[in-house]
Amino acid sequence: MSKEQQRHKTRAPAAFFSTILHHPRLGLWIGGLYGVILLSAALAYHTVGDYGIETDFFWTFVPGAEAILRGSILIEEFRGPAYPALLAAASFVFGDLFRTGVILAVIAGAAVLVIVHHLFRKLFSPDAAFWGVVLIAVNPVFVQYSYSAGTDMMFFALVAGSALLLFGTTRSTHHLIISAVLAGVAYLTRYNGIFAVFAVPLVLLVGNPDREPLKTRGWKAAGYVVVFFLTILPWGLYCLSEKGSFFYNKNYLNIAYEMFAKGRVGWDEYWSQAAEQYTSLAQVILADTGLFLKTVSINTVDHFLNDMSVLLGWHTGVFAVGGMLLLYKERVTRTTAGFLLYSLVFFGLLLIVFYSERFSLFLLTAYVLLAMHLLSSKAIHNLSLRTRVPVRVLLLLVVTIWTFAQSYEFNRRNIDSGPKEVLVIADWFKRNVPHAREDIVITRKPHPAYYLGLEMKGFPYVETMDDLLREAHRLNARFLYFGLIEAAMRPQFRFLLDPRLAPPQLRPIVYTTSPPAVLYEVDNSPLPR
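Its first residue numbered 216, the sequence shown is counted upward by one per residue in my numbering.
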């Protein structure tokens, strides 16, 4: 074989790979493949919601969707109506609300990858876009929330879509309007979407990605804010008429928990007792402004370190940190800088609440972008190990494989970690016990109520069995469910895991032993005082 033939043989795979990387539909292929794989795994293994993040789904979004299907709209205290409305509409196609929620999460996850790939192609090169979106696709947290029923991936998709129209295309009037509408819908999904009202004007006025006169930037920023508020206007007016506030929500209670209760008061104790003393955001901040500022300062470091370790993983985080430091030496375009500023405002808004990696999901985009900034730098390109494969590609392969291995191991265990004993109890109950949808079951988590087809009341925060029975009587509860989560949160009643030890007022109907869980029927005869 001649040297020319050898060179041609070596270049052929590289040329083919380059053709794939530059294909305009590559993002769609990646998102589609991801969606098919995740949907197959989710429908096969994620048959019951877990007791962690999916608690909100059963506690809040299912009642909201059911209300919409009955022709009414609930005003929830912490989130807007967009997700319950989508859940209700999609249930006509997919049936069961939990299955619908899982399918919506998978679809949203696939959409995020398509959107982010287009965004990265605009901000970087096609090969950086490919590696960046693959790093996100195999991220353990991203995968987890791609099959978890809830608002997380829908919110990510909406914010990413809004960002794409701001930073991945020309900022025409048409694109700015659609971006503002998507930002408004994101706000109606999760209220921290309000960050866009601050981020976009800041990007346009200060970042000035299009090098426009101040007057033009001002009109664009004002127009964006106006369209955003027009999008949320119907909901705001409805809240105003029903609750007396255009921006009605109680997320200030989450801020109060972060400031005054975390590490001092138990979660259940706070929400059942301590939270009642706070009535507004202003009251929470002004109660101790110094503590508020101290909390934000501490959280700046704490949230960032958690993002690097929990959300991203330090094996990728070191490159993100390196990319941040490199910004001082190798500047990025104004558009890329604008996107980073936009993401920084999002990060800043999260500093006032307790940390959860799911709140930071959208920041994966900025962190991976920063990592790619370092890995695409001249310094990395100039490294040589005398191999046919560039050092940059070797590093990306190592990080991607490492991330994939972590993701596979974590999600292999997590995807079917829900309380399957609830399904066993619910199946027997529905076949053997006459009941009505209005019958009340007391339970710590909403999952049993959903699968039993009953109305839920939260497990009372009481200390004695007599008090528990009195609360059950007051609530007119017909059933009480007790499993491991109830035993963990109410250890004083742990003996109820054994139906033989229950008082006469609680009659065991059905139970499991591994893991232990019991469904009791409550005798609502008044207790002697």
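The beta carbon of each residue, even a glycine, is placed where N, CA and C say it ideally should be.
Can you round the beta-carbon distance between LEU448 and GLY295 to whole angstroms, since I take them to be within the 8 Å contact cut?
-> By 1-based counting over the sequence shown, the position of residue 448 is 233. By 1-based counting over the sequence shown, the position of residue 295 is 80. In this structure LEU448 is not in contact with GLY295, their Cβ atoms being roughly 13 Å apart against a cut-off of 8 Å.
Pick from HIS261, GLY242 and ILE235: whose alpha carbon is nearest that of ASN626?
-> In the sequence shown, counting from the first residue as 1, residue 626 sits at position 411. Ranking HIS261, GLY242 and ILE235 by Cα distance to ASN626 puts HIS261 first.
Measure the beta-carbon distance from TYR249 to LEU328 and round it to whole angstroms, keeping in mind my assumption that it falls under 8 Å.
-> Against the sequence shown, residue 249 aligns to sequence position 34. Against the sequence shown, residue 328 aligns to sequence position 113. Here TYR249 really is in contact with LEU328; their C-beta atoms are around 6 Å apart, less than 8 Å.
Alpha carbon of ILE351 to alpha carbon of ALA581, nearest angstrom = Counting from one through the sequence shown, the residue named residue 351 turns up at place 136. Counting from one through the sequence shown, the residue named residue 581 turns up at place 366. Their Cα atoms are separated by approximately 11 Å.
What are the residues that DSSP puts in a beta bridge with PRO723?
-> Here residue 723 refers to the residue found at position 508 when the sequence shown is read from its first residue. Bridge partners of PRO723: TYR735.
Simplified DSSP assignment, three categories, for ILE657 | The residue given as residue 657 occupies position 442 in the sequence shown. Three-state result, ILE657: strand.
Burial state of GLY505, where buried means 16 or more other Cβ atoms lie within 10 Å | In the sequence shown, counting from the first residue as 1, residue 505 sits at position 290. It is exposed - the Cβ of GLY505 has fewer than 16 other Cβ atoms within 10 Å.
For GLU473, is the classification buried or exposed, using 16 other Cβ atoms within 10 angstroms of its Cβ as the cut-off for buried?
-> Along the sequence shown, read from residue 1 onward, the residue named residue 473 stands at position 258. Buried is the call here.
VAL674 and ARG659: beta carbons closer than 9 Å?
-> The residue given as residue 674 occupies position 459 in the sequence shown. The residue given as residue 659 occupies position 444 in the sequence shown. Correcting the residue identity first, residue 674 is Phe in this sequence and not Val. In contact: PHE674 and ARG659 (Cβ atoms closer than 9 Å).
Nearest residue (CA-CA) to PHE413, options TRP346, ALA398, ASP271 and ARG426 | Taking the first residue of the sequence shown as position 1, residue 413 is located at position 198. Among TRP346, ALA398, ASP271 and ARG426, the Cα nearest to that of PHE413 is on ALA398.
Any idea which residues DSSP pairs PHE694 with across the strands?
-> Counted from its first residue, the sequence shown places residue 694 at position 479. Bridge partners of PHE694: VAL656 and GLU736.
Measure the C-alpha to C-alpha separation of TYR623 and PRO355 and round it to an integer number of angstroms.
-> What you label residue 623 is simply residue 408 of the sequence shown in a count that begins at 1. What you label residue 355 is simply residue 140 of the sequence shown in a count that begins at 1. One C-alpha to the other measures close to 7 Å.
Would you check if there are 3 or more beta carbon pairs closer than 8 Å linking the region 589-603 to the region 381-396?
-> Here the region 589-603 makes no contact with the region 381-396; the two share fewer than three CB pairs at distances below 8 Å.
Rounded to a whole number of angstroms, what is the C-alpha to C-alpha distance between SER363 and ALA256?
-> In the sequence shown, counting from the first residue as 1, residue 363 sits at position 148. In the sequence shown, counting from the first residue as 1, residue 256 sits at position 41. Their backbone Cα atoms lie some 12 Å apart in a straight line.
With 16 other CB atoms within 10 Å as the buried threshold, where does HIS332 fall?
-> As a first step, residue 332 is located in the sequence shown; it is residue number 117 there, counting from the start. Its Cβ being crowded by 16 or more others within 10 Å, HIS332 is buried.
Three-state secondary structure (DSSP) of THR262 | Within the sequence shown, residue 262 is the residue found at index 47, counting from 1. In the structure shown, THR262 sits in coil (DSSP, three-state: anything other than H, G, I, E or B).
Distance, GLU736 Cα to VAL400 Cα | Here residue 400 refers to the residue found at position 185 when the sequence shown is read from its first residue. Here residue 736 refers to the residue found at position 521 when the sequence shown is read from its first residue. Cα to Cα, the separation comes out at about 43 Å.
Considering LYS458, what are the terminal residues of the alpha helix (DSSP H) in which it resides?
-> Start at 1 with the first residue of the sequence shown, and residue 458 comes out as number 243. LYS458 -> alpha helix (DSSP H) spans 429-458.
Decide yes or no for the touch test of the region 693-711 against the region 655-670: beta carbon pairs closer than 8 Å, at least 3 of them.
-> Counting C-beta pairs with one atom in each stretch, the region 693-711 and the region 655-670 have three or more that are closer than 8 Å, which means they touch.
Just checking my contact of ARG628 with TYR360 at CB under 8 Å: how many whole Å lie between their CB atoms?
-> Counting from one through the sequence shown, the residue named residue 628 turns up at place 413. Counting from one through the sequence shown, the residue named residue 360 turns up at place 145. Contact between ARG628 and TYR360 does not hold, since the beta-carbon distance rounds to 16 Å and is not under 8 Å.
Roughly how many angstroms lie between the CA atoms of PRO663 and VAL277, to the nearest whole one?
-> Translated into positions along the sequence shown, residue 663 becomes position 448. Translated into positions along the sequence shown, residue 277 becomes position 62. Taken atom to atom, the span from the alpha-carbon of PRO663 to that of VAL277 is near 13 Å.
Work out the CA separation of LEU496 and PHE577 for me, nearest whole Å.
-> Along the sequence shown, one-based indexing puts residue 577 at 362. Along the sequence shown, one-based indexing puts residue 496 at 281. Approximately 25 Å between the Cα atoms of the pair.
Is VAL733 closer than 9 Å to PRO723 when the C-beta atoms are compared?
-> Residue numbering aside, residue 723 sits at position 508 when the sequence shown is read from its first letter. Residue numbering aside, residue 733 sits at position 518 when the sequence shown is read from its first letter. In this structure, VAL733 lies closer than 9 Å to PRO723 by Cβ.
Are the region 304-323 and the region 335-348 touching by the rule of at least three beta carbon pairs closer than 8 Å?
-> With the cut-off at 8 Å, the region 304-323 and the region 335-348 do not touch.
Cβ-based neighbour list, THR727, same chain, cut-off 7 Å, excluding 5 preceding and 5 following = Position 512 of the sequence shown, counted from the first residue, corresponds to residue 727. Only GLU636, VAL639 and ILE640 meet the Cβ criterion.
Between the CA atoms of PRO731 and ASN739 - distance to the nearest angstrom = Reading the sequence shown from its first residue, position 524 is the one you call residue 739. Reading the sequence shown from its first residue, position 516 is the one you call residue 731. Going by the C-alpha atoms only, they are around 25 Å apart.
When ALA326, ALA620, GLY365 and PRO661 are compared against ALA297, the one with the closest alpha-carbon = As a working mapping, residue 297 is identified with position 82 in the sequence shown. Nearest option by C-alpha distance: GLY365.
Just the Cα atoms here: how many angstroms apart are GLY279 and PHE462?
-> By one-based count along the sequence shown, residue 279 stands at place 64. By one-based count along the sequence shown, residue 462 stands at place 247. If you take the alpha carbons of GLY279 and PHE462, they lie about 18 Å apart.
Assumed close pair LEU590, LEU611 - CB separation to whole angstroms, cut-off 8 Å | Within the sequence shown, residue 590 is the residue found at index 375, counting from 1. Within the sequence shown, residue 611 is the residue found at index 396, counting from 1. With a Cβ gap of about 6 Å, LEU590 and LEU611 count as contacting.
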